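Asker: For reference, each letter of the sequence shown is one residue, going 2 to 343 in my numbering. Using N, Cα and C, we set each Cβ at its ideal position, and we do this for glycine too. Here the structure is a predicted model, which means the values were calculated and not measured.
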Amino acid sequence: MKNILITGGAGFIGSNYVRYALEAHPDWHVFVLDKLTYAGNLDNLLDVAEKFKGRYAFAQGDIADREVVFDLIRRYRIDTIVNFAAESHVDRSILDPDAFIMTDVYGTYVLLEAAREFQIERFHQVSTDEVYGDIPQGYSQEGDPLEPNSPYAASKASAELLIRAYRMTYNLPVTVTRGSNTFGPYQYPEKLLPLFITNAIDDLPLPLYGDGMQVRDWLHVVDHARGIDVVLTQGAVGETYNVGGENERHNIDVIRMMLAILGKPESLIKRVADRPGHDRRYALDTHKLRALGWAPRTDFEAALRETVAWYVNNEWWWRKIKSGEFKEFYRRQYAERLAQAI
Ligand code: NAD
Ligand code: TYD
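Below, the structure written as structure tokens:
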């Protein structure tokens, strides 16, 4: 592997992975293709563009645009594709599923076609634990059925089925990782932690869905990036690997811990109408990835402290986001919920 195409590299996990990969592999050239949707942000890569000038390049474009993708792969002699590009927020997929089908499903199909045409050495798909659906007890293993419950989860599961078909039909060298709920710097402030941290800094209400007893398995973004890298460099072709933080927590407990770190009152928490189809619990069995030598390294409370400090110290990054497109989304998603909050 020498010339890596990282799609969605201007998003949250993608930009953290770009940084990680350039540090970890001094012989890699990294090309980022990103549409720069509302969630894509070149601010996430400012330091990278500066530090790795000769080994990093960026192109704005859509993974669903066949001409753009084929041209880039031909021109830069791409040998590896790592696909982060996606519409990634469950609530937006409930409001407007269209872009999820176009990017997460059709876009993945275009990338697979390009991988086939140019005989790419490896196609890696960044997927999610949400493809398993709700797991009331036990831990999801890689062979478990896919039972997605939101349009987002269904679009990611659909992409995985296409990838499987390209493996079986065309012998395409694919790997997949299914990551759990990821947190850390540069996460768009629509997801639970960055939304609640930035709202709490401004003493705004924190709209908690339902009873707050849903369980998520929190994974630090650098542990996630390392998991993807281990699978890309050591994983078996055709295989899927769970990447979980081994850190299951109720939403309400995570929010209480965050408020204690910030020194803000729990009275900011407002119980609002639940998300339709809301999965109560995700939990991953990570034995398969552990067998490759990976393990999460982050202590949750320390990492949460660091993450809170990052948002406190980087208002320049999130204030402009929250004053832009975000405002209209926030109104659609929360205005009525907050008006009826308990
Ligand atoms: P994000 O929303 O922060 O970033 C997505 C990026 O993809 C953005 O830069 C956006 O501009 C780009 N993009 C969107 N549509 C595109 C298109 N058509 N063509 C090119 N670029 C496009 O998302 P994230 O949280 O960083 O997630 C990255 C990947 O990881 C996604 O595939 C997501 O499904 C997966 N994932 C996320 C989590 C999580 O907790 N955030 C957990 C597991 C898996
Ligand atoms: P989210 O960050 O959207 O990730 P996902 O839906 O992919 O797990 O949400 C994490 C959890 O937090 C989930 O159970 C929904 C809940 N949540 C709220 O209670 N309020 C909110 O405003 C948001 C965005 C999420």
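First and last residue of the beta strand (DSSP E) that includes residue 251?
Answerer: Residue mapping note: residue 251 aligns to position 250 of the sequence shown, counting from 1. Run containing residue 251: 249 to 251, per the beta strand (DSSP E) assignment.
Asker: Distance check for residue 103 and residue 66, CA to CA, integer angstroms please.
Answerer: Here residue 66 corresponds to residue number 65 of the sequence shown, with the count starting at 1. Here residue 103 corresponds to residue number 102 of the sequence shown, with the count starting at 1. Each residue's alpha carbon lies about 10 angstroms from the other.
Asker: When you compare each of 12, 6, 19 to residue 227 by their alpha carbons, which one comes out closest?
Answerer: For the purposes of this step, residue 227 is taken as residue 226 along the sequence shown, with counting starting at 1. Of the candidates 12, 6, 19, the one whose C-alpha sits nearest the C-alpha of residue 227 is 19.
Asker: Of all the CB atoms in chain D, is at least one closer than 8 angstroms to the CB of residue 199?
Answerer: This model lacks chain D altogether, as it is built from one protein chain only.
Asker: Taking its Cβ as the centre, do 16 or more other Cβ atoms sit within 10 Å of residue 238, making it buried, or is it exposed?
Answerer: One-based indexing of the sequence shown puts residue 238 at position 237. Result: exposed.
Asker: Have a look at residue 17 and residue 133 and give me their C-alpha separation to the nearest angstrom.
Answerer: Numbered from its first residue, the sequence shown carries residue 17 at position 16. Numbered from its first residue, the sequence shown carries residue 133 at position 132. Their backbone Cα atoms lie some 25 angstroms apart in a straight line.
Asker: Where does residue 42 fall in DSSP's three states?
Answerer: Translated into positions along the sequence shown, residue 42 becomes position 41. Three-state DSSP puts residue 42 in coil, outside helix and strand.
Asker: Could you tell me if the beta carbon of residue 217 falls within a distance shorter than 7 angstroms of some heavy atom in the ligand TYD?
Answerer: The residue labelled residue 217 in the question sits at position 216 within the sequence shown. Yes.
Asker: For residue 131, verify whether its CB is less than 7 angstroms away from any heavy atom of the ligand TYD.
Answerer: Translated into the one-based positions of the sequence shown, residue 131 becomes position 130. Yes - the ligand TYD has a heavy atom lying nearer than 7 angstroms to the Cβ of residue 131.
Asker: How many Å lie between residue 50 and residue 7 at the Cα?
Answerer: Taking the sequence shown and counting its residues from 1, the one referred to as residue 50 is at position 49. Taking the sequence shown and counting its residues from 1, the one referred to as residue 7 is at position 6. Distance between the alpha carbons of residue 50 and residue 7: 14 angstroms.
Asker: DSSP three-state call for residue 298: helix, strand or coil?
Answerer: As a first step, residue 298 must be located in the sequence shown, where it is residue number 297. Coil.
Asker: For residue 303, which three-state DSSP category applies?
Answerer: Sequence index remark: in the sequence shown, residue 303 carries index 302 (1-based). Reduced to three states, the DSSP call for residue 303 is helix.
Asker: Compare the C-alpha of residue 298 against each of 316, 220, 269 and name the closest.
Answerer: Start at 1 with the first residue of the sequence shown, and residue 298 comes out as number 297. Here the closest residue by C-alpha is 220.
Asker: Would you say residue 21 and residue 230 are within 8 angstroms of each other, going by their C-beta atoms?
Answerer: Within the sequence shown, numbered from 1, the residue matching residue 21 stands at position 20. Within the sequence shown, numbered from 1, the residue matching residue 230 stands at position 229. Against a cut-off of 8 angstroms, the Cβ pair of residue 230 and residue 21 comes out as a contact.
Asker: Specify the secondary structure class of residue 181 as computed by DSSP and reduced to three states.
Answerer: Translated into the one-based positions of the sequence shown, residue 181 becomes position 180. Three-state result, residue 181: coil.
Asker: Hey, would you say the C-beta of residue 36 is under 7 angstroms away from at least one heavy atom of the ligand NAD?
Answerer: For this step, residue 36 is matched to residue 35 along the sequence shown. True, at least one ligand heavy atom lies under 7 angstroms from that Cβ.
Asker: Per the DSSP calculation, residue 59 is bridged to which residue(s)?
Answerer: What you label residue 59 is simply residue 58 of the sequence shown in a count that begins at 1. Partner(s): 33.
Asker: Would you mind working out which of 255, 53, 40 sits nearest residue 28, comparing C-alpha positions?
Answerer: One-based indexing of the sequence shown puts residue 28 at position 27. Of 255, 53, 40, the residue nearest in Cα terms is 53.
Asker: Measure how close the beta-carbons of residue 287 and residue 245 come, nearest whole angstrom, since I'm counting them as under 8 angstroms.
Answerer: Mapped onto the sequence shown, residue 287 falls at position 286. Mapped onto the sequence shown, residue 245 falls at position 244. Between residue 245 and residue 287 the Cβ distance is about 5 angstroms, and since that is below 8 angstroms, they are a contact.
Asker: I'd like to check one pair, residue 84 with residue 125: are the Cβ atoms closer than 8 angstroms?
Answerer: Against the sequence shown, residue 125 aligns to sequence position 124. Against the sequence shown, residue 84 aligns to sequence position 83. Yes. Within cutoff.
Asker: Would DSSP call residue 243 helix, strand or coil?
Answerer: Within the sequence shown, numbered from 1, the residue matching residue 243 stands at position 242. Note: residue 243 maps to strand in three-state DSSP.
Asker: CA-CA distance, residue 105 and residue 160?
Answerer: Here residue 105 is taken as the residue at index 104 of the sequence shown, counted from 1. Here residue 160 is taken as the residue at index 159 of the sequence shown, counted from 1. Each residue's alpha carbon lies about 6 angstroms from the other.
Asker: Can residue 294 and residue 251 be called in contact, C-beta distance under 8 angstroms?
Answerer: Here residue 294 refers to the residue found at position 293 when the sequence shown is read from its first residue. Here residue 251 refers to the residue found at position 250 when the sequence shown is read from its first residue. The answer is no: Cβ separation not under 8 angstroms.
Asker: Does the beta-carbon of residue 96 have 16 or more other beta-carbons within 10 angstroms, so that it is buried, or is it exposed?
Answerer: Sequence index remark: in the sequence shown, residue 96 carries index 95 (1-based). Burial call: exposed.
Asker: Assuming residue 71 and residue 115 form a contact by the criterion Cβ under 8 angstroms, report the distance between their Cβ atoms to the nearest whole angstrom.
Answerer: Indexing the sequence shown from 1 puts residue 71 at position 70. Indexing the sequence shown from 1 puts residue 115 at position 114. With 8 angstroms as the limit, residue 71 and residue 115 qualify as a contact, their Cβ atoms being about 6 angstroms apart.
Asker: Assuming residue 178 and residue 222 are in contact, meaning their beta carbons sit under 8 angstroms apart, how far apart are those beta carbons, in whole angstroms?
Answerer: Here residue 178 refers to the residue found at position 177 of the sequence shown. Here residue 222 refers to the residue found at position 221 of the sequence shown. The pair is not a contact, with the Cβ atoms about 13 angstroms apart (cut-off 8 angstroms).
Asker: If you follow the alpha helix (DSSP H) that residue 225 is part of, which residue opens it and which one closes it?
Answerer: Reading the sequence shown from its first residue, position 224 is the one you call residue 225. First-last of the alpha helix (DSSP H) with residue 225: 222 to 235.
Asker: If you pair each beta-carbon of the stretch 188 to 207 with each one of the stretch 311 to 321, do three or more pairs fall below 8 angstroms?
Answerer: Yes, the stretch 188 to 207 touches the stretch 311 to 321.
Asker: Heavy atom of the ligand MG less than 7 angstroms from the Cβ of residue 180, yes or no?
Answerer: You won't find the ligand MG in this model; what it holds is the ligand NAD and the ligand TYD.
Asker: Out of 74, 40, 31, state which residue places its alpha-carbon closest to the alpha-carbon of residue 59.
Answerer: To locate residue 59, count along the sequence shown from 1; it is residue 58. Of the listed residues, the one whose Cα sits closest to residue 59 is 31.
Asker: Looking at the structure shown, is residue 125 part of a helix, part of a strand, or coil, going by DSSP?
Answerer: Taking the first residue of the sequence shown as 1, we reach residue 125 at position 124. Reduced to three states, the DSSP call for residue 125 is strand.
Asker: Look at the alpha carbon of residue 289 and the alpha carbon of residue 300, and state the distance between them as a whole number of angstroms.
Answerer: The residue you call residue 289 lines up with position 288 of the sequence shown. The residue you call residue 300 lines up with position 299 of the sequence shown. Those two C-alpha atoms are separated by around 21 angstroms.
Asker: Using beta-carbon positions only, say whether residue 39 and residue 143 come within less than 8 angstroms of one another.
Answerer: Here residue 39 refers to the residue found at position 38 when the sequence shown is read from its first residue. Here residue 143 refers to the residue found at position 142 when the sequence shown is read from its first residue. No, the pair does not count as a contact, with Cβ atoms beyond the cut-off.
Asker: Could you tell me if the beta carbon of residue 225 falls within a distance shorter than 7 angstroms of some heavy atom in the ligand TYD?
Answerer: Along the sequence shown, read from residue 1 onward, the residue named residue 225 stands at position 224. Not under cutoff, so the answer is no.
Asker: Can you grab the Cα-Cα spacing for the pair residue 101 / residue 280, in whole Å?
Answerer: On the sequence shown, position 100 is the one that residue 101 refers to. On the sequence shown, position 279 is the one that residue 280 refers to. Taking the straight line from one Cα to the other gives about 19 angstroms.
Asker: Since residue 129 contacts residue 180 with CB under 8 angstroms, what's their CB separation in whole angstroms?
Answerer: Stepping through the sequence shown from its first residue, residue 129 is reached at position 128. Stepping through the sequence shown from its first residue, residue 180 is reached at position 179. Right, the Cβ-Cβ distance comes to about 6 angstroms (below 8 angstroms), so this counts as a contact.
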